[in-house]
Structures are given as C-alpha cells and as structure tokens.
Amino acid sequence: MSELRFRTIHRDGEVVEVTDSEEALQILRHSTSHLMALAVTQLYPEVHLGIGPATSEGFYYDFQTPRRLTEEDLETIEKKMQELRSQDLPFEPSIVSKKKALKFFKKEGEHLKTELIEERDGEILSCYKLGELVDFCTGPHVFSTSQLGAFKLLSIAGSYWRGDEKREQLQRIYGTAFPQEAELRDYLDHLEEALKRDHRRLGKQLNLFSVADRVAPGLILWHPKGAKVRELIEGFLRLELEKRGYQFVYTPHIAKSDLWKTSGHYEYFRENMFTLPLDEEEYVLKPMNCPGHILIYQSSKRSYRELPVRIAEFGTVYRKEKSGTLHGLLRVRGFTQDDAHIFCRPDQVLDEVTQTLDLAEHVLKSFGFDRLEVALSVWDPAAGKDYAGSPEDWKNAESVLVQALERKGWSYERCEGEAAFYGPKIDVTLVDTLGRSWQLSTFQFDFSLPERFNLTYVGTDSKDHHVVMIHRALLGSLERFMGVLIEHYGGAFPLWLAPVQALIIPISEKSHHYALEVQKALREAERGPIRVETDLRNEKVGYKIREAQLQKVPYMLIVGEREAESQTVAVRNRFQGEQGSMKVEELATLIYDLVDQKVVEEGH
RNA sequence: GCCGGCGUAGCUCAACGGUAGAGCGACGCAUUCGUAAUGCGUAGGUUGGAGGUUCAAUUCCUCUCGCCGGCUCCA
6 MSELRFRTIH RDGEVVEVTD SEEALQILRH STSHLMALAV TQLYPEVHLG IGPATSEGFY
66 YDFQTPRRLT EEDLETIEKK MQELRSQDLP FEPSIVSKKK ALKFFKKEGE HLKTELIEER
126 DGEILSCYKL GELVDFCTGP HVFSTSQLGA FKLLSIAGSY WRGDEKREQL QRIYGTAFPQ
186 EAELRDYLDH LEEALKRDHR RLGKQLNLFS VADRVAPGLI LWHPKGAKVR ELIEGFLRLE
246 LEKRGYQFVY TPHIAKSDLW KTSGHYEYFR ENMFTLPLDE EEYVLKPMNC PGHILIYQSS
306 KRSYRELPVR IAEFGTVYRK EKSGTLHGLL RVRGFTQDDA HIFCRPDQVL DEVTQTLDLA
366 EHVLKSFGFD RLEVALSVWD PAAGKDYAGS PEDWKNAESV LVQALERKGW SYERCEGEAA
426 FYGPKIDVTL VDTLGRSWQL STFQFDFSLP ERFNLTYVGT DSKDHHVVMI HRALLGSLER
486 FMGVLIEHYG GAFPLWLAPV QALIIPISEK SHHYALEVQK ALREAERGPI RVETDLRNEK
546 VGYKIREAQL QKVPYMLIVG EREAESQTVA VRNRFQGEQG SMKVEELATL IYDLVDQKVV
606 EEGH
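In our numbering, the protein residues as written are 6 to 609.
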C-alpha cells in the first residue's frame, strides 16, 4: 500500500492533515461510499439511505430500494460516480441541532436516518453535504471528490437493517477503493487468486469431495483422495492425543429425546436438531457428542485418583443449519468434530487447560498454521442472561483461562458477553485467503452439564464432589479444517498429507514392467507404505507430467530404459522440477525424512 | 430462513423464441514416445424438476429443488 496522506475536513470545518496511511485509507473509502450514495440517489431518487461505512476491504452502503437493483445496475452507478467525481464536488460539513436535523431528514422521508438520529445522545450532530446529498455523518471526509482514488463496485447483496433479521431488508452495495489504480488492480488480482484457491473448486479439480443434490445440501461425500487426507489428519491427531492420556470412544448417532432433554439441548438447541419419530418415542440425531461422553464417564463410580478423565472421539454430528448459510466444507449440516471432554478436579483445571492450549498450538503448527487469533469469551453479568453456574464459578473459570493464556504468552481479545450461557471459553480462529475468519480450536468450561447429569467423583473425604467439565476441539470439524487446509495450500498438500505422494510415469509400454516393480518396492517399503500410483495410460511423458502437476502430486518418478537399467528413478518435484536420478531406496529415505518432519516445501 | 443472481454433456462454457454446439475428459484405433497437452474416430443431453403462455420454449411467466454473493446464525 502506498504512503497515503491528505488534508481532511472535520465536522467543525477544521482542516486536518492525515498522516496515518491506514486512517487515510478508511477516510478515502468512507468518502467514496458517500459518492456512491450520491450517484445512487441521483439515478434512483426513490431510494432511502441506510448506513455506509468503510470496511477492512473497502466500503458499502445500505439502501432501501423500491425497485430492486441488480448487478447490472452497478456499471451504471459506477459510471455516474466517475462523472460526479470529475465535477470536483466539495464535502461540506455542518453542525446542526438534533431537532433541526430530525426535521430535515423527516421532510426528506429518510426514516432510517431519522431513527439513527433519534437514538443519538446530545443536542447537536454533524452532517456532510456532497452535491445535493446531505448525510448524517461524523466524518471526517476528504476535501473534495477530486481527492478520491481508484474505486470499483463489487457486489450487491441483501442486509437486514441494523443487522436484525426481524427488521426490513435493505440492499447493500459493496465496493472498494484505493489511492492508486495499480493498487486496485492488485486487489482485484488478489480476489481472482483467492477464487482459484477456493476449496470448492479445488475439491472438484483434485477429486477430494463432493456434495450431491440427491443426498442433501450440506452433507459431504468424501472421495478416496479426500478421505485419505482426512485419515492422515485423524491418524496424526489420534497419536498426539493418546500420547497425552486421551481415551478414544465411539458413541451412537441417535439417541432418545429424553437424553437431550436432560442435557438441555432439547430446550436450547431444538431448532438446530434433526428429530426422528420412532414408534411412540422420538429420537434425535446427535448435534453434539457431550451426552455420550458423559454417560461413559458415569458408567462407573469415579475416584479422585483416576481424574482427569479425557474422553475423545471423532464424533460425527448433525445440525439443521439454515440453508443460506451452507458453504462448501466450511459450513455444513453433518460434520465430524475432533471432540473431547475433560473431566477433572478443580485443582487440575489450570494444568489441563494449559496442556490443551499447548496441544492446540503443536497441532496447528504441524499443519503449517501460525497466523492465529485468540479470543477469550466471558459473560456479561449486566446482560441479565440466564447463566448456568454461580458468579464464583465464572470468576474462577475466567481466571484459570487468563492464567493459561498468560502462561502461553498468547495475546488475546477479551469478548464480554460472548460466552455461551453454560461457561466461558477460549476460541482460536484462523483467517483464510479470502480474509474470512474461521473458528478452529475451542476450549469451553461447562457449568451446566455436570449439574444436569450430576457428574461427580469421590474425593479423599469419601464424599461425592462435582467434577469440572471442559469441552475442547482442536481442529473444530474435520470438514471445515479440510476446507481451510485446501485453501491454505491451494490444494498442494505438504508431503505428509498428500493423498498421492508420488506418481510413477513410464515413458512407454516398454517400461511398464519396471514401473510396476518400483511401485511395489515403494508400497512395500520397510518403513511403511509410500502412497504411490502409476500412470500406465498410452500417453506421452509430457502429457502425464502436465496432469500430475495439475493434480499437485509432490513427486513424479519418470522411468524409462535408462532407469530400468540402473535401478533408479528420474525424480521431478512439483515445485522445483527435475531433480536428477536416484536409487529407489534413496528416494524412499528422502520421502520418509520429509514426512517425519512434516516439511512444508517452498512453492506454496 | 431472508434479499439478489445463476442452473445447458463427467468438467469448463456457447446458442437467448425457430432442428442444442465447442474444448477438455471418457471410449476405440494408430503411435512406443525422455520432463506441463500425439493424431484420427466414436459415444455422450427429456437444457435441474413440475406446470403455464405460444404454431413453436434452453430462451418468456409461475411454482419447486439446488448452487453462488451477502445478511442473520455458527464448528
């Protein structure tokens, strides 16, 4: 981003030189949104204005529109904007009394603006006039439209007024703006690049998974290659968890609704649950794994000596998500959580939480993720919500989470009122290539379920005590994680996760026999099978290589008569190209080393 | 769920009231080839589904299913 600084006009008419580029960019975008609003009101006089802020990627403006605008209208609006910009219109601030402002906007029929002004404290407020458009706005703005940079309108979408789905729906026009034309072009290129990495597109191209109309929306068919990657992810996790004392279980996919009544899900999570009638009974397709794990915990009397008990499951759950929210692998109706529940004594909680954060960090780093954001969600005692657990419980739990975060040295954002009703939590999110945040790891206290199921252990005093329960997931859901992983690597999985690690390419039929020998040797290698396939099709080498490249296979092993003669393979790396010939055992060793270290090669 | 857009061969896309087409892929034949596409041929479609308007619908209208961009919600 270029150094950006310019003079702005503030609400009281003061002229200020903005030197912070980030702030200047925000002002530029906000001012561009006003220009758009002016263009829209000129073209379609019947529209009413909502709000039009700058965002991290650009800007938008919400309009109430009697005639529905479509994508085709964007071009017209953009042209109008260009035209208006060239008139060098000034942004003119004014301070007016609330009373006068209300009178003005009421007269204009701007009921949305009126609503915002009415809720505003104070007797005076500011407006900005651009052309004939007067907007209630605190500014600041650029001086005049000639200061605006390059802009482009991107999309049009619905949005609820004030983000409330019970209120009317407006039309939102998204756009972006940059100081320089070249920066805008770079941004548009970036969007296109992101599109190429879209996991839905790559899922199809690399034959990893699909979603079939005839099955249902939001339910994933994992094809052999996608299933292989998932299996590798699960295998790695299982190993790491078992090392740390987790015990794996399996629990049924359906259970009588009574169980969900006890857990409280039937009451609080009902609209998200699939229910099935069965004879006189009603069954529920499990939306969560906790009740099953709890019943396993409860299957015997637990002594303080055996705590903590850590019960883990790759548990597949089903949730009735709203149809409009479904999105490839990232938002689905059936998904598998890498779920676990820790049952422990109060004095063990801090260590457990800290260890779990350690584990999360280790696991996420192993997959090549290091740009993470951490949020601590706590209650808002003032919200008057129906929280489970006592104020002391909440205070203690929060202090444990904070201590654990401090031990890790993680910076985090404290989100008041964001906790679930049953306990505070730490969430780890990852920002994907399209700039969207996806929650992966979560660590949640639960004050509700131990109560509802009366979960106890026998203490040293031989009396029953309530156990502390923590829900935790590291990858969140395997579906979502797979989606994030695909986009992160643009489909070129690191060697240890690649569904096919090497493709053997015989030069002609004459080398088929040797190719299959190499395949056998690698599949039956001493340190474990290497995932290798052979392309025996009647095609030229170049053709097979091109396809392997497009399939992002880490190694291509070209074999012809020379290689058969010397018992070698000609190695080609998907990023570095030709690597020369080596003995089959040498190649196997190379692969094992890279896999053991979970190396992420250059070129991603 | 809501608002807007879009559904044509396995995939990517043409045709937009007048007999549905291309490239890639698949299959067959020839070729036996050295690091990102060998040539020729063949098959493949109730244009997502149902109804309607019309002499005639892939094209226009209604409903429905699905997908896409957002909003709300969320792993």
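Ideal Cβ positions, reconstructed from N, Cα and C, are used throughout, including at glycine.
Supposed close pair residue i, residue j - CB separation, criterion 8 Å
i, j, result
"Ser586", "Ala569", "With a Cβ gap of about 12 Å, Ser586 and Ala569 do not count as contacting."
"Met487", "Leu334", "5 Å"
"Ile596", "Met561", "The pair is not a contact, with the Cβ atoms about 13 Å apart (cut-off 8 Å)."
"Val463", "Ser308", "5 Å"
"Asp540", "Leu592", "Actually they do not touch by this definition, with Cβ atoms about 17 Å apart."
"Phe458", "Gln303", "7 Å"
"Leu2", "Leu500", "Absent from the structure is residue 2, since the part of the chain shown begins at 6 and ends at 609."
"Ser262", "Glu287", "4 Å"
"Arg16", "Ser102", "Not a contact, Cβ separation roughly 14 Å."
Opening and closing residue of the alpha helix (DSSP H) in which residue i lies
i, result
"Gly495", "Careful: Gly495 lies outside any alpha helix (DSSP H) and carries neither H nor E."
"Lys549", "546-555"
"Val605", "Note, Val605: premise wrong, no alpha helix (DSSP H); not H, not E."
"Trp265", "262-268"
"Asp17", "First-last for Asp17: undefined, no H or E at that position."
"Ser305", "Note, Ser305: premise wrong, no alpha helix (DSSP H); not H, not E."
"Lys84", "76-90"
"Ser371", "354-371"
Within 7 Å, strictly: CB atoms of residue i and residue j
i, j, result
"Leu454", "Trp443", "no"
"Ala187", "Arg34", "no"
"Ala44", "Lys111", "no"
"Trp384", "Ala409", "no"
"Asp356", "Gly320", "no"
"Tyr417", "Leu381", "yes"
"Leu475", "Ile347", "Checking the displayed sequence, the identity of residue 475 turns out to be Ile instead of Leu. Contact flag set, yes."
"Glu76", "Ile161", "yes"
"Tyr66", "Ser38", "yes"
"Leu54", "Glu115", "yes"
"Thr150", "Arg90", "yes"
"Ala402", "Phe448", "no"
"Leu207", "Ile491", "yes"
"Phe148", "Ile14", "yes"
Residue i in three-state terms, based on DSSP
i, result
"Leu479", "strand"
"Val23", "strand"
"Trp501", "coil"
"Thr150", "helix"
"Trp415", "coil"
"Leu334", "coil"
"Ile512", "coil"
"Ile32", "helix"
"Leu610", "Residue numbering for the chain in the displayed model covers 6 to 609; residue 610 lies beyond these limits and cannot be assessed."
"Lys134", "strand"
"Cys295", "helix"
"Lys171", "coil"
"Asn459", "coil"
"Arg567", "helix"
Selected residue, minimal CA-CA separation from residue i, among the options
i, options, result
"Ala199", "Val489, Thr573, Thr594", "Val489"
"Pro71", "Asp78, Lys370, Val52", "Val52"
"Pro504", "Asp67, Phe109, Ala232", "Ala232"
"Phe274", "Leu290, Leu283, Gln556, Glu286", "Leu290"
"Ser26", "Tyr179, Arg16, Arg10", "Arg10"
"Lys201", "Arg16, Leu555, Phe109", "Leu555"
"Ala478", "Ala317, Gln47, Glu123, Gly608", "Ala317"
"Ser516", "Glu544, Val605, Trp501", "Glu544"
"Gly392", "Gly422, Val463, Arg376", "In the sequence as presented, Gly is not what sits at residue 392; that position holds Tyr. Comparing Cα positions, the closest option is Gly422."
"Leu158", "Ile129, Leu193, Glu173", "Leu193"
"Gly582", "Glu492, Glu120, Val589, Glu607", "Glu607"
"Val337", "Met278, Glu484, Glu566, Leu138", "Glu484"
"Pro386", "Phe374, Val379, Lys400", "Lys400"
"Pro222", "Tyr271, Gly339, Ser371", "Gly339"
"Gly495", "Arg315, Thr46, Lys209", "Lys209"
"Ile563", "Met41, Glu276, Ile129, Gln524", "Gln524"
Range covered by the beta strand (DSSP E) that runs through residue i
i, result
"Gln69", "64-69"
"Ile238", "Unbroken run through Ile238 is the alpha helix (DSSP H), 229-248; no beta strand (DSSP E)."
"Lys157", "155-165"
"Arg315", "314-323"
"Lys588", "582-588"
"His470", "469-471"
"Phe452", "Segment: none, Phe452 is in no beta strand (DSSP E) and carries neither H nor E."
Distance cut-off 6 Å: residue i Cβ against heavy atoms of the ligand SAM
i, result
"Gly495", "For the ligand SAM, the structure offers nothing, since it holds no ligand at all."
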